[in-house]
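There are 2 protein chains.
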Amino acid sequence: MKALMISAVVATAVMDASLIDEAKNAGLKPIPANKKAVEKLTSNPKNPTTAAKVELGKMLYFEPRLSKSGLVSCNTCHNLATGGVDGMAAAIGHKWKANPHHLSSPTVYNAVFYSQQFWDGRSPHLEDQAQGPMQAAPEMAAPKDHVANVVNSMPAYVNTFKKAYGNDVKITFEKIADTIAVFERTLITPSRYDDFLNGNKKALTAAEQKGLKTFIDKGCTTCHNDIALGGTMQAFGVTGQYKHMNVGDFKGDANGLVRVPTLRNVTETAPYFHNGQIATLSEAIKEMGRIQLGVDLSDKETAEIETFLKALEGKKPTIIYPMLPASTATTPKVDVIND
Amino acid sequence: MKALMISAVVATAVMDASLIDEAKNAGLKPIPANKKAVEKLTSNPKNPTTAAKVELGKMLYFEPRLSKSGLVSCNTCHNLATGGVDGMAAAIGHKWKANPHHLSSPTVYNAVFYSQQFWDGRSPHLEDQAQGPMQAAPEMAAPKDHVANVVNSMPAYVNTFKKAYGNDVKITFEKIADTIAVFERTLITPSRYDDFLNGNKKALTAAEQKGLKTFIDKGCTTCHNDIALGGTMQAFGVTGQYKHMNVGDFKGDANGLVRVPTLRNVTETAPYFHNGQIATLSEAIKEMGRIQLGVDLSDKETAEIETFLKALEGKKPTIIYPMLPASTATTPKVDVIND
């Protein structure tokens, strides 16, 4: 019995070592353990991350007055308390309008690792992405000059921009979006999975490692790879049609490709898929097997993969809730019901 | 010249000392400097404040899933980032409905010091008050059992309740409201004004002290007194009719009395009055003089009082944004557009 246990331990250790290699060969990459490496990876050279910009970006991320109504902030749909999403099948924004394409809000956590933003991948990075929802009629519904006027109307904001960018800063809509993006670039969630890929073989349990192996062996890493386990554009419905394709009119980009969502913190981002029609993770896994890989995953395989996916739940950054400046006489006013 | 300066300093010192007495005689009270005294003052003996309850109460305060839609939290209307209010003339809640009586959201900061809650004072304390907006159709619109079911559906919440109240805890709607109230009881904002009343004569500038004197001399402390500089029920429109009485149908309680709002952080809680029809603090001060005291305050007197009121801006507690548990298969689902 003792001999059996020892050989089992040895076998596990051997499996661990080769599993890390296998995962890397399949295109999976960890969030680096080294802080400097993370900073380099997440900072935009054209808009480098600084503490002052991050703090200001956080204020703007939580700022409802950037919206036309004064009620909707980035955090309304990408709520940092609930996995970076709103839990809605279709996002709800200005005047309680649902997204016209029945698209759900993707999580903002780890979005910095995506190579394309939005479900149709139309945006190359967060600086560009952040401009979209502020203006979109069913989201924050704010014209560019409204956003800039709101911020410029409050001296405390103007001073904070000066501290972040220098006294000559022009606070434009684009500068505001850039600053929000700098904050979003810090929203990464390292997990035990990263510890494992970074070499700590004990960071994942045997069951989680088994799940990772199944995840790789079944071919999930074809799309869910790199640091985000997602983030690139891929064909959708390769081997079968998505059960709920009839909900909403979304058909992907011009080539029918869809941005692959991250699997990090996927336990917190239900309901699943672009139109939020799948309630549970196990159903999502099976549907993916069917329509992307052409396999009917067994309950056992599905459970194995789910066990692995749960290990992708990461440590969220500590966010001190920002205190925002008071509106002034020049802060734009709107009729929230009629405008 | 030197002699003149010295005597001016002596005169100021004398004015300071007597002004503190004068303020106290007029019914003004500071937030105590002593931490234990504050805890005693803000804790409910029937529901004593503990760190575990405060942390849990904070989660629930920011929890949108307590609402019928899953989109509206306590913090939506009483936003801790913006002075504990939403900046709206009339609160906007479930399905973007405005408050049917055109009532604005009062600030939650320092509400613990009120002797009555709600504009009509119908609630004696925060534990009772917190039950109202969760159920109100134009606010969070959630039946009691929905609220309790949501919390009970998430093991992480159940465990946190057990930690806070013991293993036998029953997580009812009332217990949830009680816990939110415990968090709200910590939302106090000591200011330089408190330092002054607590004996530090230099804590307010000469201009702020002058403003405090005018505030007392004109009779503002008749209603705006005690720790909150407000919080009791008073007649509204004693010496004149409110300019905007025609907006909304609110007429106070059964006796026509209205709960006096706190003046702490009043620079952050525009627009003013129960129906949010007054945009600026100076206009609010003048209107109060006219309809409550029967005096036409001069621009100089108004500016003096405004200078004092600005000194009531307090230090907000540091709030780490809570990370909330993931929904489970049993968490109630709603059709956010149609339900």
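Chains as they are written, first to last, in my numbering: chain A, 5 to 343; chain B, 5 to 343.
In this text, a Cβ means the ideal position worked out from N, Cα and C, and glycines have one as well.
For clarity, every value in this text was computed on a predicted model and none was experimentally measured.
Exercise. Just list the alpha helix (DSSP H) runs in the region 55-123 of chain B, keeping only unbroken ones of 4 residues or longer that don't cross its boundaries, in chain order.
Key: List check, alpha helix (DSSP H) in window: 55-65, 78-81.
Exercise. Starting from the Cα of K320 (chain B), find the closest Cα among B:P137, B:E272, B:L32, B:F66 and give me that residue.
Key: By one-based count along the second sequence, residue 320 (chain B) stands at place 316. When only C-alpha atoms are compared, the closest one is B:E272.
Quiz item: Got a sec, what are the start and stop residues for the alpha helix (DSSP H) M138 (chain A) sits in?
Solution: Numbered from 1 along the first sequence, position 134 holds the residue referred to as residue 138 (chain A). Note, M138 (chain A): alpha helix (DSSP H), 135-139.
Quiz item: Since D90 (chain B) contacts C78 (chain B) with CB under 8 angstroms, what's their CB separation in whole angstroms?
Solution: If you number the second sequence from 1, residue 90 (chain B) lands on position 86. If you number the second sequence from 1, residue 78 (chain B) lands on position 74. Contact annotation, D90 (chain B) with C78 (chain B): C-beta distance approximately 11 angstroms; criterion of less than 8 angstroms not satisfied.
Practice problem: Establish whether the CB of G74 (chain B) and some CB of chain A are separated by less than 9 angstroms. | Solution: For the purposes of this step, residue 74 (chain B) is identified with residue 70 of the second sequence, where counting begins at 1. With 9 angstroms as the cut-off, G74 (chain B) counts as an interface residue toward chain A.
Exercise. Could you tell me whether the Cβ of T164 (chain B) comes closer than 9 angstroms to any Cβ of chain A?
Key: Here residue 164 (chain B) refers to the residue found at position 160 when the second sequence is read from its first residue. Output row for T164 (chain B): interface = no.
Quiz item: Which residue comes first and which comes last in the beta strand (DSSP E) that contains A41 (chain B)?
Solution: Against the second sequence, residue 41 (chain B) aligns to sequence position 37. No beta strand (DSSP E) contains A41 (chain B), which is instead part of the alpha helix (DSSP H) from 39-46.
Practice problem: Take the Cβ of G203 (chain B) as the centre, count every other Cβ of all protein chains shown within 10 Å, and call the residue buried at 16 or more, exposed below. | Solution: Within the second sequence, the letter at position 199 stands for residue 203 (chain B). That one is exposed.
Quiz item: Residues in its own chain within less than 7 angstroms of Q133 (chain A) by CB, not counting five upstream and five downstream?
Solution: Along the first sequence, one-based indexing puts residue 133 (chain A) at 129. Once the five neighbours on either side are set aside, the close Cβ partners of Q133 (chain A) are Q121, F122, S127.
Quiz item: Just to confirm, are E317 (chain A) and I289 (chain A) a CB contact at a threshold of 9 angstroms?
Solution: As a position in the first sequence, residue 317 (chain A) is number 313, starting the count at 1. As a position in the first sequence, residue 289 (chain A) is number 285, starting the count at 1. No; because the gap between Cβ atoms is not below 9 angstroms, this pair is not in contact.
Quiz item: Residue range of the beta strand (DSSP E) that M237 (chain A) falls in?
Solution: Along the first sequence, read from residue 1 onward, the residue named residue 237 (chain A) stands at position 233. In the DSSP assignment, M237 (chain A) falls within the beta strand (DSSP E) that extends over 237-239.
Quiz item: Between the region 66-78 of chain B and the region 97-114 of chain B, do at least 3 Cβ pairs fall closer than 8 angstroms?
Solution: Of all C-beta pairs linking the region 66-78 of chain B to the region 97-114 of chain B, three or more are shorter than 8 angstroms, placing the two stretches in contact.
Quiz item: Where Q296 (chain B) and A115 (chain B) are concerned, what is the direct C-alpha to C-alpha distance, given to the nearest angstrom?
Solution: Taking the first residue of the second sequence as position 1, residue 296 (chain B) is located at position 292. Taking the first residue of the second sequence as position 1, residue 115 (chain B) is located at position 111. In this structure, the straight-line span from the alpha carbon of Q296 (chain B) to that of A115 (chain B) is close to 22 angstroms.
Quiz item: Could you give the distance in angstroms between the alpha-carbon of I220 (chain A) and the alpha-carbon of F165 (chain A)?
Solution: The residue given as residue 220 (chain A) occupies position 216 in the first sequence. The residue given as residue 165 (chain A) occupies position 161 in the first sequence. If you draw a straight line from the Cα of I220 (chain A) to the Cα of F165 (chain A), it comes to about 46 angstroms.
Quiz item: Counting only beta-carbon atoms, is P265 (chain B) nearer than 9 angstroms to chain A?
Solution: Stepping through the second sequence from its first residue, residue 265 (chain B) is reached at position 261. Answer no: the Cβ-Cβ gap between P265 (chain B) and chain A never drops below 9 angstroms.
Quiz item: What are the start and end residues of the alpha helix (DSSP H) that includes V162 (chain A)?
Solution: The residue you call residue 162 (chain A) lines up with position 158 of the first sequence. Element bounds for V162 (chain A): 159-169.
Self-check item: Y197 (chain A) (DSSP reduced to helix, strand or coil)
Solution: Here residue 197 (chain A) corresponds to residue number 193 of the first sequence, with the count starting at 1. In the three-state DSSP reduction, Y197 (chain A) falls in the helix class (H, G or I).
Quiz prompt | Three-state class that DSSP yields for V151 (chain A) in the structure shown | solution = For the purposes of this step, residue 151 (chain A) is taken as residue 147 along the first sequence, with counting starting at 1. V151 (chain A) sits in a helix when the DSSP states are folded into three classes.
Exercise. Give the single residue among A:T243, A:D25, A:A85 whose Cα lies nearest to the Cα of I323 (chain A).
Key: Taking the first sequence and counting its residues from 1, the one referred to as residue 323 (chain A) is at position 319. Cα-wise, what sits closest to I323 (chain A) is A:A85.
Quiz item: Going along the chain, which residues of its own chain have a beta-carbon closer than 7 angstroms to the beta-carbon of T193 (chain B), five neighbours each way excluded?
Solution: By 1-based counting over the second sequence, the position of residue 193 (chain B) is 189. Answer for T193 (chain B): Y113, N114, R268, N269, G318, K319, K320, listed in chain order.
Self-check item: Close beta carbons around K314 (chain B), own chain, < 7 angstroms, minus the five adjacent residues each side
Solution: On the second sequence, position 310 is the one that residue 314 (chain B) refers to. Same-chain partners within the cutoff: T271.
Exercise. Examine chain A for any beta-carbon lying closer than 9 angstroms to the beta-carbon of G61 (chain B), and answer yes or no.
Key: Stepping through the second sequence from its first residue, residue 61 (chain B) is reached at position 57. G61 (chain B) is outside the set of residues whose beta carbon lies under 9 angstroms from a beta carbon in chain A.
Quiz item: With contact counted as at least three CB pairs below 8 angstroms, one residue from each stretch, are the region 249-264 of chain A and the region 323-339 of chain A in contact?
Solution: No contact exists between the region 249-264 of chain A and the region 323-339 of chain A.
Quiz item: How big is the Cα-Cα spacing for T416 (chain A) and A232 (chain A)?
Solution: The requested residue 416 (chain A) is not part of the displayed model; chain A covers only 5 to 343.
Self-check item: Opening and closing residue of the alpha helix (DSSP H) in which V186 (chain A) lies
Solution: As a first step, residue 186 (chain A) must be located in the first sequence, where it is residue number 182. That run of the alpha helix (DSSP H) goes 177-188.
Quiz item: Where does D230 (chain B) sit, in a helix, a strand or coil, going by DSSP?
Solution: Counting from 1 along the second sequence, the entry for residue 230 (chain B) is found at position 226. Look at D230 (chain B) here: in three-state DSSP terms it is strand.
Quiz item: Grouping DSSP H, G and I as helix and E and B as strand, with all else coil, what is I289 (chain B)?
Solution: Here residue 289 (chain B) corresponds to residue number 285 of the second sequence, with the count starting at 1. The DSSP-derived three-state label of I289 (chain B) is helix.
Quiz item: Taking the C-alpha atoms as reference points, what is the distance between N38 (chain A) and A94 (chain A)?
Solution: The residue you call residue 38 (chain A) lines up with position 34 of the first sequence. The residue you call residue 94 (chain A) lines up with position 90 of the first sequence. Rounded to whole angstroms, N38 (chain A) and A94 (chain A) show a C-alpha spacing of 37 angstroms.
Quiz item: Can you list the beta strand (DSSP E) stretches of 3 or more residues lying completely in the region 248-292 of chain B, in chain order?
Solution: If we require 3 residues or more, the beta strand (DSSP E) runs fully inside the region 248-292 of chain B come out as 261-263.
Practice problem: Give the residues of chain B in contact with K320 (chain A), contact being defined as C-beta atoms less than 7 angstroms apart. | Solution: On the first sequence, position 316 is the one that residue 320 (chain A) refers to. M327, listed in chain order.
Practice problem: Kindly indicate which three-state DSSP category S331 (chain B) falls into: helix, strand or coil? | Solution: Here residue 331 (chain B) is taken as the residue at index 327 of the second sequence, counted from 1. Reduced to three states, the DSSP call for S331 (chain B) is coil.
Quiz item: Can Q120 (chain A) be considered in contact with the ligand MN, in the sense that its beta carbon sits closer than 8 angstroms to one or more heavy atoms?
Solution: The model depicted lacks the ligand MN and carries no ligand whatsoever.
Exercise. Classify V18 (chain B) as helix, strand or coil using the three-state DSSP reduction.
Key: Taking the first residue of the second sequence as 1, we reach residue 18 (chain B) at position 14. Residue confidence for V18 (chain B) is low, a pLDDT of 49 falling below 50, so the modelled location carries little weight; the figure read from the coordinates is stated next. In the displayed model, V18 (chain B) falls within a helix according to three-state DSSP.
Practice problem: Could you check the C-alpha separation between N2 (chain A) and A102 (chain B) for me, to the nearest Å? | Solution: There is simply no residue 2 (chain A) to check, as chain A begins at 5 and stops at 343 in what is shown.
Quiz prompt | Segment contact flag, the region 28-38 of chain A with the region 151-170 of chain A, C-beta cutoff 8 angstroms, min 3 pairs | solution = By the Cβ test, the region 28-38 of chain A is not in contact with the region 151-170 of chain A, since fewer than three Cβ pairs between them sit closer than 8 angstroms.
Quiz item: Where does I324 (chain B) sit, in a helix, a strand or coil, going by DSSP?
Solution: Start at 1 with the first residue of the second sequence, and residue 324 (chain B) comes out as number 320. The answer is strand: DSSP assigns I324 (chain B) an E or B state.
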